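Student:
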Amino acid sequence: MKAVSLVINGKQSEATIEPRLNLVDFLRDHCELTATHIGCEHGVCGACTVLIDGVPARSCITFTVAADRAAITTLEGFAGDPAMNTLREAFAEHHGLQCGFCTPGMLMTARDIVTRFPDADEKRIRMELAGNLCRCTGYVGIVKAIQDALVKLKAAPALPQAVRGIGPAGSHPPAVHKERGAAPALSGRAMAAASTENFDVVDWAAIEREGVELQQSFVVPFPRADVWRFFADLGHVTRCMPGARLTTPVQGGRAEGEVTVKLGPIVSAFQGVLDVARDDAAFRGTVRGAGRDSRSPSSARAIIRYSIDAPDVSSSQVGVTVKFLLSGPLAQFSRGGLVKDIADQLTRVFARNLEARLSGKPLQDHQAQTLDAGAVARSALWARIRSFFMRT
Ligand code: FES
Ligand code: FES
């Protein structure tokens, strides 16, 4: 159990919760704030949108502990807000809702649009609404309602104050968070993890206990000794992974590295320290990594265990288990099947690259400087959107 302290709709809220409790369940079940809806639970539909430190975010894929010390605003928190009241009336007037399931998330995003884009045209409105899905497909009414609200708000004196640099949580440089007065998202320990000399103060037991676990395995047509030898060179291994690179050579089992990941509008560059341990007799190894994003106050810590087994003399089965914890704004991506889908795709890319390098061939998926997780996950995302629409 973990103690958290949040400001929800302007009121201080303290609770002791399971580390795995996501924010939408915390809001609905613990705080009885049921305006925030749960749709896909995978960060796709936008029904669960709330503001975290003034920025729209998916509460279904945000751990409550990751939002510790943040200010959360749900739809209930906009009573008396001129922009939200105008939008509510416009939605009713223009039939911007049918079953109403998507409406809380639509209103949160609509308010974000009228706040940031007072001159938004239909194209801009539709583009900004792209992250919110309406199963009743009532987009015409929703767009008209927002257009009408924009006209009325322009004429009204009390336009909501625009939040500078607004965008998906995690898309801002740290300075913007500072300007908005956001709570520091990194714990002292996570901050320390970013530097080599403080790597050892990371609470690895907490990552074992509370980390999100992913398991992958694949077979390559090479003898175990060859694959094991290849894994001994961390530089070789990272070259098989798009977006990853070592920035220093491995010395004393330790190196510094960087992983650049792009997910839609969010680009993160995690820089940190890797620590490698291998058991030659058992053909098993462990890589521990801790780093922080240079573009947002997010940190990542991971324990990666790999094993090379020999199903027969000429092939190897590579097993990888990853336990990871994300802190800060990017923690909203810790949860959900999307992370698993991205890991599945990455494993396929890694396995192909590993096979190519073991064969002495050029990489089939040549190493990109940035891992475009959005592109990697696109097919999986569409599958999830389809299944969302198919639900009865
Ligand atoms: S329920 Fe969170 S995005 Fe769909
Ligand atoms: S009004 Fe039914 S899902 Fe949008």
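Numbering of the sequence shown is given in my numbering, commencing with residue 766 and proceeding in unit increments.
From the three backbone atoms N, C-alpha and C, an ideal C-beta is built for every residue, glycine too.
Nothing here was measured: the structure is a model prediction, and the numbers come from that model.
1) When the Cβ atoms of the segment 782-789 are set against those of the segment 822-833, are three or more pairs found closer than 8 Å?
2) Have a look at V908 and C796 and give me their C-alpha separation to the nearest angstrom.
3) Look up R1053 in the DSSP assignment and say whether it is helix, strand or coil.
4) Grouping DSSP H, G and I as helix and E and B as strand, with all else coil, what is T827?
5) With D1024 and G1000 assumed to form a contact (beta carbons below 8 Å), what rounded beta-carbon distance in angstroms separates them?
6) Mind checking which residues open and close the beta strand (DSSP E) that includes A1075?
7) Is DSSP giving K917 helix, strand or coil here?
8) Tell me, please, whether the segment 775-784 touches the segment 802-815 by the rule of three or more beta-carbon pairs shorter than 8 Å.
9) Locate the alpha helix (DSSP H) running through F996, then write down its first and last residues.
10) Considering only their Cβ atoms, is the gap separating G1022 from L1039 smaller than 8 Å?
11) For K776 and F1115, what's the separation of their Cα atoms in angstroms?
12) Note down the Cα distance separating D884 from G861, rounded to an integer number of angstroms.
13) What residues does ligand 1 have around it, judged by CB closer than 6 Å to any heavy atom, in chain order?
14) D1158 to S1092, Cα distance in whole Å?
15) In three-state DSSP terms, what is I837?
16) With a cut-off of 8 Å, do at least 3 Cβ pairs link the segment 862-870 to the segment 898-918?
17) Report whether the distance from the Cβ of R1113 to the nearest heavy atom of ligand 2 is below 7 Å.
18) Applying the criterion that 16 or more other CB atoms from any shown protein chain within 10 Å of the CB defines a buried residue, is T838 buried or exposed?
19) Can you tell me where the alpha helix (DSSP H) holding R1010 begins and where it ends?
20) Compute the Euclidean distance between the alpha carbons of P1014 and I972, then round it to the nearest angstrom.
21) Just the Cα atoms here: how many angstroms apart are L872 and I773?
22) Can we say the segment 1072-1089 touches the segment 964-981, given the rule of at least three CB pairs closer than 8 Å?
23) Please go through the same chain and pick out, in chain order, the residues whose beta-carbon is closer than 7 Å to the beta-carbon of G842, but skip the five residues on each side of it.
24) If you draw a straight line from the C-alpha of A1020 to the C-alpha of R1066, how long is it?
25) Could you check if G896 belongs to the surroundings of ligand 2, using beta carbon to heavy atom distance under 7 Å?
26) Excluding the five sequence neighbours on either side, which residues of its own chain have a C-beta within less than 7 Å of the C-beta of S1079, listed in chain order?
27) Within 10 angstroms of the Cβ of K1126, are there 16 or more other Cβ atoms? Answer buried if so, exposed if not.
28) With a Cβ-Cβ cutoff of 8 Å, do L792 and S824 count as a contact?
29) Can the beta-carbon of I817 be found closer than 8 Å to that of A875?
30) Which first and last residues belong to the beta strand (DSSP E) in which A855 is found?
31) Nearest CA to the CA of L915: which residue from G896, R889, N897?
32) For G870, count neighbouring Cβ atoms within 10 angstroms of its own Cβ and tell me buried if that reaches 16, exposed if not.
33) First and last residue of the alpha helix (DSSP H) that includes T874?
34) Below 8 Å on the Cβ atoms is my guess for R1053 versus A997; work out the distance and round it to an integer in Å.
35) Compute every distance between the C-beta of T868 and the non-hydrogen atoms of ligand 2, then say whether any falls below 7 Å.
36) Going by DSSP, which residues form a beta bridge with T781?
Tutor: Reading from the atomic positions:
1) yes
2) The residue given as residue 908 occupies position 143 in the sequence shown. The residue given as residue 796 occupies position 31 in the sequence shown. Going by the C-alpha atoms only, they are around 31 Å apart.
3) Position 288 of the sequence shown, counted from the first residue, corresponds to residue 1053. If DSSP states are grouped into helix, strand and coil, R1053 belongs with the strands.
4) The residue labelled residue 827 in the question sits at position 62 within the sequence shown. Three-state DSSP puts T827 in coil, outside helix and strand.
5) Translated into positions along the sequence shown, residue 1024 becomes position 259. Translated into positions along the sequence shown, residue 1000 becomes position 235. A small fix is needed here, since residue 1024 is Val in this sequence, not Asp. At roughly 14 Å, the Cβ-Cβ gap does not stay under 8 Å, so V1024 and G1000 are not in contact.
6) Translated into positions along the sequence shown, residue 1075 becomes position 310. Unbroken beta strand (DSSP E) run through A1075: 1064-1077.
7) As a working mapping, residue 917 is identified with position 152 in the sequence shown. The answer is helix: DSSP assigns K917 an H, G or I state.
8) no
9) As a working mapping, residue 996 is identified with position 231 in the sequence shown. Segment 989-996, the alpha helix (DSSP H) holding F996.
10) Against the sequence shown, residue 1039 aligns to sequence position 274. Against the sequence shown, residue 1022 aligns to sequence position 257. Cβ distance < 8 Å, so L1039 and G1022 count as in contact.
11) Your numbering for residue 776 matches position 11 in the sequence shown. Your numbering for residue 1115 matches position 350 in the sequence shown. Roughly 47 Å separates the two Cα atoms.
12) Counting from one through the sequence shown, the residue named residue 884 turns up at place 119. Counting from one through the sequence shown, the residue named residue 861 turns up at place 96. For D884 and G861, the distance between alpha carbons rounds to 20 Å.
13) I803, G804, C805, E806, G808, V809, C810, G811, A812, C813, R823, C825
14) Here the chain covers residues 766 to 1157 and nothing more, so residue 1158 does not appear.
15) In the sequence shown, residue 837 corresponds to position 72, counting from 1. Strand, per DSSP.
16) yes
17) Residue mapping note: residue 1113 aligns to position 348 of the sequence shown, counting from 1. It does not: the Cβ of R1113 is nowhere closer than 7 Å to a heavy atom of ligand 2.
18) Here residue 838 refers to the residue found at position 73 when the sequence shown is read from its first residue. Looking at its Cβ environment, which holds 16 or more other Cβ atoms inside 10 Å, T838 is buried.
19) What you label residue 1010 is simply residue 245 of the sequence shown in a count that begins at 1. Premise fails: R1010 lies in the beta strand (DSSP E), 1009-1011, not in any alpha helix (DSSP H).
20) As a first step, residue 1014 is located in the sequence shown; it is residue number 249 there, counting from the start. As a first step, residue 972 is located in the sequence shown; it is residue number 207 there, counting from the start. Between P1014 and I972, the C-alpha separation is close to 26 Å.
21) Along the sequence shown, one-based indexing puts residue 872 at 107. Along the sequence shown, one-based indexing puts residue 773 at 8. Distance between the alpha carbons of L872 and I773 is about 18 Å.
22) yes
23) Residue 842 sits at position 77 when you count from the first residue of the sequence shown. Closer than 7 Å at the Cβ level, and outside the excluded window around G842, lie N774, G775.
24) Position 255 of the sequence shown holds residue 1020. Position 301 of the sequence shown holds residue 1066. For A1020 and R1066, the distance between alpha carbons rounds to 15 Å.
25) As a working note, residue 896 is residue 131 in the sequence shown. No, since every heavy atom of ligand 2 falls outside the 7 Å radius drawn around the Cβ of G896.
26) Position 314 of the sequence shown holds residue 1079. Hits under 7 Å: P986, P988.
27) Here residue 1126 refers to the residue found at position 361 of the sequence shown. Classification of K1126: exposed, given that the 10 Å Cβ count is below 16.
28) Here residue 792 refers to the residue found at position 27 when the sequence shown is read from its first residue. Here residue 824 refers to the residue found at position 59 when the sequence shown is read from its first residue. Yes, the Cβ-Cβ distance between L792 and S824 is below 8 Å.
29) What you label residue 817 is simply residue 52 of the sequence shown in a count that begins at 1. What you label residue 875 is simply residue 110 of the sequence shown in a count that begins at 1. Result no, Cβ atoms of I817 and A875 do not sit closer than 8 Å.
30) Numbered from 1 along the sequence shown, position 90 holds the residue referred to as residue 855. It is not in any beta strand (DSSP E) - A855 instead sits in the alpha helix (DSSP H) that spans 847-858.
31) Locating residue 915 in the sequence shown gives position 150, counting from the first residue. Out of G896, R889, N897, R889 has the C-alpha closest to the C-alpha of L915.
32) Within the sequence shown, the letter at position 105 stands for residue 870. G870 should be labelled buried.
33) The residue labelled residue 874 in the question sits at position 109 within the sequence shown. Segment 868-881, the alpha helix (DSSP H) holding T874.
34) Position 288 of the sequence shown holds residue 1053. Position 232 of the sequence shown holds residue 997. 17 Å between Cβ atoms; not a contact.
35) Counted from its first residue, the sequence shown places residue 868 at position 103. Yes, Cβ of T868 sits closer than 7 Å to a heavy atom of ligand 2.
36) Stepping through the sequence shown from its first residue, residue 781 is reached at position 16. DSSP output for T781 lists A768 as bridge partner(s).
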